[in-house]
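Under the working numbering, the first residue of the sequence shown is numbered 138, with each subsequent residue one higher.
Glycine is no exception: its CB is placed at the ideal position from the N, C-alpha and C atoms.
These figures come from a predicted structure and were not determined experimentally.
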Amino acid sequence: MAQTASPLVRVIDDGSTDGSGELAAAKAAREPRLARLEAGPLPPGWRGKVHALWVGARGVATPWLLSTDADTRHAPDLLARAHAAAADRGLDAVSLAGVQEVRGLGRTC
138 MAQTASPLVR
148 VIDDGSTDGS
158 GELAAAKAAR
168 EPRLARLEAG
178 PLPPGWRGKV
188 HALWVGARGV
198 ATPWLLSTDA
208 DTRHAPDLLA
218 RAHAAAADRG
228 LDAVSLAGVQ
238 EVRGLGRTC
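(1) Do Ala-172 and Ala-162 have their beta-carbon atoms positioned less than 8 Å apart in this structure?
(2) From the DSSP output, which residues share a beta bridge with Glu-175?
(3) Buried or exposed for Arg-167, please, with buried defined as at least 16 other CB atoms from any protein chain shown within 10 angstroms of its CB.
(4) Determine the contact status of Ala-176 and Val-197, defining contact as a CB-CB distance below 8 Å.
(5) Tell me which residue opens and which closes the alpha helix (DSSP H) that Asp-208 is part of.
(6) Residue range of the alpha helix (DSSP H) that Glu-159 falls in?
(7) Measuring CA to CA, which of Ala-207, Asp-208, Ala-222 is closest to Asp-214?
(8) Using the beta-carbon count (16 or more within 10 Å), is Leu-233 buried or exposed?
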């Protein structure tokens with residue numbers, strides 16, 4: 138939550154076994170801008186990520202959503218710069234590609 142912008146953040150716990158749900162719950166207890174939501178059971182015909190995105194977007198009344206994975210890290214000004222660039226150009230959507238660092242086969246950073 139080191140962004141220079143002050144976004145409200147939703148972390149969707151889709152039952153991953155990597156400990157991110159517990160980490161998000163602990164952080165949400167200390168950070169009022171963070172909400173942890175449980176995705177719940179996967180409906181028939183749905184895939185995990187799409188379902189988690191749908192759960193996260195439900196009831197959002199803001200004109201902008203940033204979707205990212207829990208195991209990514211962003212520069213502190215990323216959200217503010219992306220929003221400003223989209224607004225300056227009149228864009229409805231922005232897709233960002235960053236630098237990826239891999240620390241070993243099959244391991245997360």
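From the atom records:
(1) The residue you call residue 162 lines up with position 25 of the sequence shown. The residue you call residue 172 lines up with position 35 of the sequence shown. Going by C-beta atoms, Ala-162 is not nearer than 8 Å to Ala-172.
(2) Residue 175 sits at position 38 when you count from the first residue of the sequence shown. Paired residues: Asp-150.
(3) What you label residue 167 is simply residue 30 of the sequence shown in a count that begins at 1. Arg-167 should be labelled exposed.
(4) Residue mapping note: residue 176 aligns to position 39 of the sequence shown, counting from 1. Residue mapping note: residue 197 aligns to position 60 of the sequence shown, counting from 1. Contact: no.
(5) The residue labelled residue 208 in the question sits at position 71 within the sequence shown. Premise fails: Asp-208 is in no alpha helix (DSSP H) and is neither H nor E.
(6) As a working note, residue 159 is residue 22 in the sequence shown. Unbroken alpha helix (DSSP H) run through Glu-159: 157 to 165.
(7) As a position in the sequence shown, residue 214 is number 77, starting the count at 1. The option with the nearest alpha carbon to Asp-214 is Ala-222.
(8) Working through the sequence shown from its first residue, we reach residue 233 at position 96. The residue in question, Leu-233, is exposed, as its Cβ has fewer than 16 Cβ neighbours within 10 Å.
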